[in-house]
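Q: Please find one structure pasted underneath; my questions will follow.
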Amino acid sequence: GRRARPRIRDNQPAARAETILLVGSELGSTWGFAATLHAALTEAGQSVHTAPMSTFAPNRYVRANRIVVLASTYGDGDAPTSAKGFLDRLEALDQAPDAAVAVLGFGDRSFPAYCAFAGAVAAAAEAKGWPELLPFETIDRQSPQDFARWGRALGRALGIELELAHQPVLPVTEKLTLVSRRDYGVEVQAPTAILRFAMPRATIWQRLTGRGFARFAAGDLLGIVPEGSAVPRFYSLASGDRDGFIEIVVKKHLGGLCSGQLTTLEPGDHVSAFLRRNPGFRAGQDRAPLILIGAGTGIGPLAGFVRANARRRPVHLFFGMRHLDSDFLYGEEFSIWQTAGRLQRLVTAVSRGARPHYVQDALRAEGEEVARLVRNGARVMVCGGRDMAAGVAHALADILAPVGLTLVGLKAEGRYVEDVY
Ligand SMILES: Cc1cc2nc3c(=O)[nH]c(=O)nc-3n(C[C@H](O)[C@H](O)[C@H](O)COP(=O)(O)OP(=O)(O)OC[C@H]3O[C@@H](n4cnc5c(N)ncnc54)[C@H](O)[C@@H]3O)c2cc1C
Ligand SMILES: Cc1cc2nc3c(=O)[nH]c(=O)nc-3n(C[C@H](O)[C@H](O)[C@H](O)COP(=O)(O)O)c2cc1C
């Protein structure tokens, strides 16, 4: 569920405030930073109005001298829920507000589109000719140090001392126990394991509210806090709560802290983990065909969608690997799921061999069929590394152009989604 936003004390009406704080947040952590900033500015004698970015209405800010925008980013540079409509409203203005603006992005450098939504807001503000109070800045993984540094710069711009001491709320972790592991890819220098953990026992509170691991689906994210670091790493879930277990696919990175720990786990060992919902990457309930495209560990959530496809929706899976004998993850299950009608078609692309073949090559080879499916309403879901995703996007754009479709258009309809890392 979504975390409620904190109560903002001394929140002044929009028409009376000198400073307007606008917040773009999905899971609530940015509201915590906004509350700290609101309190510090109020303490310094200012009148401050804090509200969601979606309420942006500059004609109401009659006494404002400055507007501060704090915004997180989701998906591939998408707006968080409380910022919906902001860019359209800004775009629709005849002229930019007089009060100068500062945009601060909240994000996570492990995502390719780092703070991309806040960046888009800053770019749109500049394009409108909106006067700038501070240059665009970002906060990585809720870093209190980054925030304090930005606060001092804001203080200098306002001619006040501003010390922002914000302690982010850390996710509540649970102990998960490994049940089984299956190893792949050692022979092709890509050691990868399918790790299955037992479902932790849900409390009554979790069952009622859907918190913790009570409800989740393939494509949601498992946050794991490795030993020796406070920064969680994310892994895409290959199972849903109905499967009765928690499964991820992990590739061991050379010198990698978390992947190193995960790939040496033995059954009975524990990890500290929490759930992050990823509603932008769900297979959905309708009957439209699915085109699933992934390589390497990216196969995890796609395998989860196939496993859950009891209603036999048509699924076409494109899977890139190095060698059929080494890293064909879920190879046995896929043939069982095909027989059961949960998977209509599996196309593999093998990159180590006489004729190296990547998943985007397989797509191009099937270009006409792919274009036909998409024209008839199919949904495309891509998961895996960013190089693969870039290659796939390129191939799809070429395949779809002759039938008059673009990736931008499909994205806007929610028919092209990515989980890329
Ligand atoms: C949305 C999302 C979904 C993801 N899903 C998955 C998934 O399903 N499966 C999966 O396997 N991963 C997934 N990842 C990636 C995962 O979160 C981690 O980034 C990955 O496991 C590396 O973490 P680490 O702690 O092992 O590496 P870190 O210790 O954080 O190191 C980061 C990088 O630096 C390199 N490095 C570190 N120390 C050294 C050194 N001394 N010498 C050379 N290189 C070094 C490592 O090789 C690694 O590539 C996902 C990421 C995101 C953002
Ligand atoms: C599903 C998901 C997708 C995310 N995508 C991005 C992204 O594309 N770029 C980025 O910089 N951060 C991304 N993040 C990180 C969040 O933006 C970051 O954690 C932020 O501090 C969350 O703020 P909030 O709790 O107010 O929503 C993502 C987080 C999740 C859970």
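Sequential numbering of the sequence shown, starting at 655, is according to the numbering used here.
By construction, the Cβ of each residue, glycine as well, lies at the ideal position given by its N, Cα and C atoms.
None of the values given here were measured: they were computed from a predicted structure.
1. With DSSP run on the structure shown, which of helix, strand or coil describes C912?
2. Any idea if P799 is buried or exposed, counting beta-carbon neighbours within 10 angstroms, 16 or more meaning buried?
3. Is V903 near ligand 1, going by C-beta to nearest heavy atom under 8 Å?
4. Give me the Cα-Cα distance between V842 and S980, rounded to the nearest whole angstrom.
5. Using 8 Å as the Cβ pair cut-off and three pairs as the minimum, do the stretch 783 to 796 and the stretch 752 to 765 touch?
6. Could you check the C-alpha separation between F765 and L832 for me, to the nearest Å?
7. Mapping the DSSP letters down to three states, classify K906 as helix, strand or coil.
8. Which first and last residues belong to the beta strand (DSSP E) in which I947 is found?
9. Could you spell out where the alpha helix (DSSP H) holding D1041 opens and where it closes?
10. Please classify P1056 as buried or exposed, where buried requires at least 16 neighbouring CB atoms within 10 angstroms.
11. Relative to ligand 2, is the shortest distance from any of its heavy atoms to the C-beta of N1030 smaller than 8 Å?
12. In this structure, does DSSP put K829 in helix, strand or coil?
13. Name the one or two DSSP bridge partners that R1033 has.
14. Let me see if you follow: with CB-CB separation under 9 Å, is G948 close to chain C or not?
15. Check the DSSP bridge columns for T1002 and list the partner residues they point to.
16. Please classify R1026 as buried or exposed, where buried requires at least 16 other C-beta atoms within 10 Å of its C-beta.
17. Are the stretch 910 to 918 and the stretch 993 to 1005 in contact at 8 Å, needing three or more beta carbon pairs?
18. Is it buried or exposed for N963, if we count other Cβ within 10 angstroms and need 16 for buried?
19. Under 9 Å between the Cβ atoms of F867 and L875?
20. Please check the pair G1021 and G950, which I expect to be a contact at CB under 8 Å, by giving their CB distance rounded to whole angstroms.
21. Measure the alpha-carbon distance for V1034 versus A871 and round it to whole angstroms.
22. Roughly how many whole angstroms lie between the Cα atoms of L997 and G1031?
23. Identify whether G761 lies in helix, strand or coil by the three-state DSSP scheme.
24. Quick check: does the Cβ of R887 come within less than 8 Å of any heavy atom belonging to ligand 1?
25. Give the DSSP-derived three-state secondary structure of L812 in the structure shown.
26. Leaving out five residues before and five after G805 in sequence, what residues of the same chain have Cβ atoms less than 8 Å from its Cβ?
27. Output the boundary residues of the alpha helix (DSSP H) element that contains E986.
A: Once the coordinates are examined:
1. As a first step, residue 912 must be located in the sequence shown, where it is residue number 258. DSSP places C912 in helix when its eight states are reduced to three.
2. Position 145 of the sequence shown, counting from 1, holds the residue named residue 799. Per the sequence presented here, residue 799 reads as Gln, with Pro not at that position. It counts as exposed.
3. On the sequence shown, position 249 is the one that residue 903 refers to. It does: the Cβ of V903 is within 8 Å (strictly closer) of some heavy atom of ligand 1.
4. Taking the sequence shown and counting its residues from 1, the one referred to as residue 842 is at position 188. Taking the sequence shown and counting its residues from 1, the one referred to as residue 980 is at position 326. Distance between the alpha carbons of V842 and S980: 7 Å.
5. yes
6. Locating residue 765 in the sequence shown gives position 111, where the first residue counts as 1. Locating residue 832 in the sequence shown gives position 178, where the first residue counts as 1. Using only the alpha carbons, I get a separation of about 27 Å.
7. By one-based count along the sequence shown, residue 906 stands at place 252. Reduced to three states, the DSSP call for K906 is coil.
8. Sequence index remark: in the sequence shown, residue 947 carries index 293 (1-based). Start and end: L944 to A949.
9. Locating residue 1041 in the sequence shown gives position 387, counting from the first residue. Where D1041 is concerned, the enclosing alpha helix (DSSP H) stretches over R1040 to L1054.
10. For the purposes of this step, residue 1056 is taken as residue 402 along the sequence shown, with counting starting at 1. Burial call: exposed.
11. The sequence position of residue 1030 within the sequence shown is 376, counting from 1. N1030 Cβ: outside cutoff for every heavy atom of ligand 2.
12. Position 175 of the sequence shown holds residue 829. Reduced to three states, the DSSP call for K829 is strand.
13. Locating residue 1033 in the sequence shown gives position 379, where the first residue counts as 1. L944, per the DSSP bridge assignment.
14. Annotation note: the requested chain C is absent from the structure, which comprises a single protein chain.
15. In the sequence shown, residue 1002 corresponds to position 348, counting from 1. According to DSSP, T1002 bridges with F973.
16. The sequence position of residue 1026 within the sequence shown is 372, counting from 1. Burial call: exposed.
17. no
18. As a working mapping, residue 963 is identified with position 309 in the sequence shown. Answer is buried; the Cβ neighbour count reaches 16.
19. The sequence position of residue 867 within the sequence shown is 213, counting from 1. The sequence position of residue 875 within the sequence shown is 221, counting from 1. Cβ distance not < 9 Å, so F867 and L875 don't count as in contact.
20. Sequence index remark: in the sequence shown, residue 1021 carries index 367 (1-based). Sequence index remark: in the sequence shown, residue 950 carries index 296 (1-based). G1021 to G950, Cβ: 23 Å. No contact.
21. By one-based count along the sequence shown, residue 1034 stands at place 380. By one-based count along the sequence shown, residue 871 stands at place 217. Cα-Cα distance, rounded: 18 Å.
22. Counted from its first residue, the sequence shown places residue 997 at position 343. Counted from its first residue, the sequence shown places residue 1031 at position 377. When rounded, the distance between both Cα atoms is 18 Å.
23. Position 107 of the sequence shown, counting from 1, holds the residue named residue 761. Residue state, collapsed to three classes: strand.
24. Taking the first residue of the sequence shown as 1, we reach residue 887 at position 233. Correct: R887 has its Cβ closer than 8 Å to ligand 1.
25. Position 158 of the sequence shown, counting from 1, holds the residue named residue 812. It is helical.
26. Numbered from 1 along the sequence shown, position 151 holds the residue referred to as residue 805. Here the set comprises L691, A694, L816, E817 and L818.
27. Your numbering for residue 986 matches position 332 in the sequence shown. Element bounds for E986: G985 to T993.
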